[in-house]
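Enquirer: Just remember that the numbering used here sits 3 ahead of the position in the sequence shown, which is counted from 1.
Here it is: the structure, laid out below.
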Amino acid sequence: MSVALLSFAFFIAAVCATIMGYAIQRGATCMVAAVDEVVTQRSAWRFLGLTEAAVWVAGGVLLWRVLGGHETLPIGYPATLATVAGGLLLGLGAFVTRACVFGAIAKFGSGEWTYVLTPIGFYLGCLTIWPLIGKFPQMHVASPLFAASWLLVPFALFVGWRSVEVIRAGRARMLAAHIWTPHHATAVIGIVFAISLIAIGPWAYTYALLSLAQGETQGVIVKAVLMVMLFAGALVGGWTAGRLELRAPTLESAIRCLGGGVLMGWGSLLIPGGNDELLLVGIPLLQAYAWVAVASMAVAIALGLAVERWFGAR
């Protein structure tokens with residue numbers, strides 16, 4: 004591939020990362036918020052929104068493949084007890100932080116500056132135990148998605164339905180709103196991530212932090228720049244919504260964000276993969292380990308919220 008084409012692909016990915024950060028902030032996208040909604044309101048609206056992001060990624064990548072395109076995709080891993088343990092740690096870390104890696108971006112973009120410590124904690128968590136792990140499982144698990152091209156039919160119907168819904172709701176009103184519905188936000192996230200995935204391959208920001216902790220050099224700069232663009236997009240979202248303020252972090256919030264990030268880093272190494280990579284790559288590609296890890300993460304968050312409510316009621 005020529006240098007010019009690579010530069011154009013990176014430009015597309017950078018634009019997508021910025022839009023993705025903006026959408027995460029506007030939709031307050033977060034796994035913790037989704038589980039809390041189930042526990043407290045008996046509603047799965049946010050969970051369905053996260054699922055919709057995966058549907059857009061799966062449909063986009065599958066369509067690209069059917070049209071003859073190719074992209075770089077990560078290998079799959081076997082689902083093991085380590086996957087379950089990693090998901091539980093990931094969920095515990097998100098509960099402690101009060102935000103998953105998506106939610107940390109949303110809160111940072113809303114002016115809660117202490118959440119910049121979450122990715123720092125994630126990196127430190129990966130850095131401390133990576134020498135103990137040494138390497139990931141080498142089993143390659145092919146994605147069953149590409150053997151099911153018939154899924155493009157329901158995906159086309161889904162796209163048509165969503166397009167009509169957006170037109171009826173009014174695109175201008177959605178873009179001007181300070182808070183997007185979970186489905187609007189996750190639809191944008193899924194679409195732009197699918198485009199960037201096709202353009203340059205997987206680049207989830209937790210993957211960039213993990214690569215740095217491993218001491219890798221190949222492709223790390225690209226992923227690091229995209230991570231910066233992701234957070235910049237969230238800041239733009241917060242600024243245009245009038246929510247950016249100078250809020251001094253408390254010691255408690257700093258410990259929560261840093262410590263929770265460390266726990267999520269540990270969990271991500273055991274799975275392996277952060278919840279952004281699981282939701283936007285593993286689950287869309289129908290990889291069993293991703294589904295097991297996300298389910299374990301949700302259970303850990305739900306248990307944490309239940310225990311918190313139980314002690315609060317005493």
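Don't be surprised by glycine CBs; every beta carbon is placed ideally from N, CA and C.
Keep in mind that this is a model prediction, so the values were computed, not measured.
(1) May I have the straight-line CA-CA distance separating Val119 from Phe111, to the nearest angstrom?
(2) Quick check on Tyr80: does DSSP put it in helix, strand or coil?
(3) Could you give the residue range of the alpha helix (DSSP H) that holds Arg68?
(4) Using a Cβ-Cβ cutoff of less than 6 angstroms, which residues in the same chain neighbour Arg68 once the five nearest sequence positions on both sides are dropped?
(5) To the nearest angstrom, how far is the alpha carbon of Phe234 from that of Leu273?
(6) Taking the straight line between their C-alpha atoms, what separation do you get for Ala216 and Met232?
(7) If distances are taken between C-alpha atoms only, which option among Ser113, Val191, Thr209, Gln290 comes closest to Glu248?
(8) Does Gln217 come out as helix, strand or coil in the three-state DSSP assignment?
(9) Which value, in whole angstroms, describes the spacing of the CA atoms of Val2 and Leu281?
(10) Along the alpha helix (DSSP H) that carries Leu247, what are the first and last residues, could you check?
(11) Let's see if you can read the secondary structure: which residues bound the alpha helix (DSSP H) around Ala345?
(12) Could you tell me the alpha carbon to alpha carbon distance between Phe196 and Trp133, rounded to whole angstroms?
(13) Would you identify the three-state DSSP class for Ile15, choosing helix, strand or coil?
(14) Phe125 and Val265 - do their beta-carbons sit closer together than 9 angstroms?
(15) Taking the alpha carbon of Leu70 as the reference point, which residue from Leu289, Asp279, Ala301, Leu155 has its own alpha carbon closest?
(16) Give a yes or no on whether the C-beta atoms belonging to Val60 and Ala305 are separated by under 9 angstroms.
(17) From which residue to which residue does the alpha helix (DSSP H) around Ile224 run?
(18) Considering only their Cβ atoms, is the gap separating Glu311 from Ala190 smaller than 9 angstroms?
(19) So, under 8 angstroms CB-CB, Ile2 and Gln28 are touching, yes? Tell me the CB distance rounded to an integer number of Å.
Expert: From the atom records:
(1) Locating residue 119 in the sequence shown gives position 116, counting from the first residue. Locating residue 111 in the sequence shown gives position 108, counting from the first residue. So the two alpha carbons sit approximately 6 angstroms from each other.
(2) As a first step, residue 80 is located in the sequence shown; it is residue number 77 there, counting from the start. Note: Tyr80 maps to coil in three-state DSSP.
(3) Indexing the sequence shown from 1 puts residue 68 at position 65. Bounds of the alpha helix (DSSP H) holding Arg68 are 48-69.
(4) Within the sequence shown, numbered from 1, the residue matching residue 68 stands at position 65. The answer, listed in chain order, is Phe149.
(5) Residue 234 sits at position 231 when you count from the first residue of the sequence shown. Residue 273 sits at position 270 when you count from the first residue of the sequence shown. Rounded to the nearest whole angstrom, the C-alpha separation of Phe234 and Leu273 is 26 angstroms.
(6) Counting from 1 along the sequence shown, the entry for residue 216 is found at position 213. Counting from 1 along the sequence shown, the entry for residue 232 is found at position 229. Rounded to the nearest angstrom, the gap between the Cα atoms of Ala216 and Met232 is 20 angstroms.
(7) Here residue 248 corresponds to residue number 245 of the sequence shown, with the count starting at 1. Nearest C-alpha to Glu248: Ser113.
(8) In the sequence shown, the residue the question calls residue 217 occupies position 214. Helix, per DSSP.
(9) In this structure the chain extends from 4 to 317, so residue 2 is not present and cannot be described.
(10) Position 244 of the sequence shown holds residue 247. From DSSP, Leu247 is part of no alpha helix (DSSP H); its letter is neither H nor E.
(11) Outside the displayed span of the chain (4 to 317) sits residue 345, for which this structure offers no information.
(12) Taking the first residue of the sequence shown as 1, we reach residue 196 at position 193. Taking the first residue of the sequence shown as 1, we reach residue 133 at position 130. C-alpha separation (whole angstroms): 27 angstroms.
(13) Position 12 of the sequence shown holds residue 15. Judged by DSSP in its simplified three-state form, Ile15 adopts helix.
(14) Numbered from 1 along the sequence shown, position 262 holds the residue referred to as residue 265. Numbered from 1 along the sequence shown, position 122 holds the residue referred to as residue 125. Val265 is a Cβ neighbour of Phe125, given a cutoff of 9 angstroms.
(15) In the sequence shown, counting from the first residue as 1, residue 70 sits at position 67. Closest by alpha carbon: Leu155.
(16) By one-based count along the sequence shown, residue 60 stands at place 57. By one-based count along the sequence shown, residue 305 stands at place 302. At a Cβ-Cβ threshold of 9 angstroms, Val60 and Ala305 do not count as neighbours.
(17) Numbered from its first residue, the sequence shown carries residue 224 at position 221. For Ile224, the enclosing alpha helix (DSSP H) starts and ends at 223-243.
(18) Indexing the sequence shown from 1 puts residue 190 at position 187. Indexing the sequence shown from 1 puts residue 311 at position 308. The Cβ atoms of Ala190 and Glu311 do not sit closer than 9 angstroms to each other.
(19) The question about residue 2 has no answer here: the residues shown for the chain are numbered 4 through 317.
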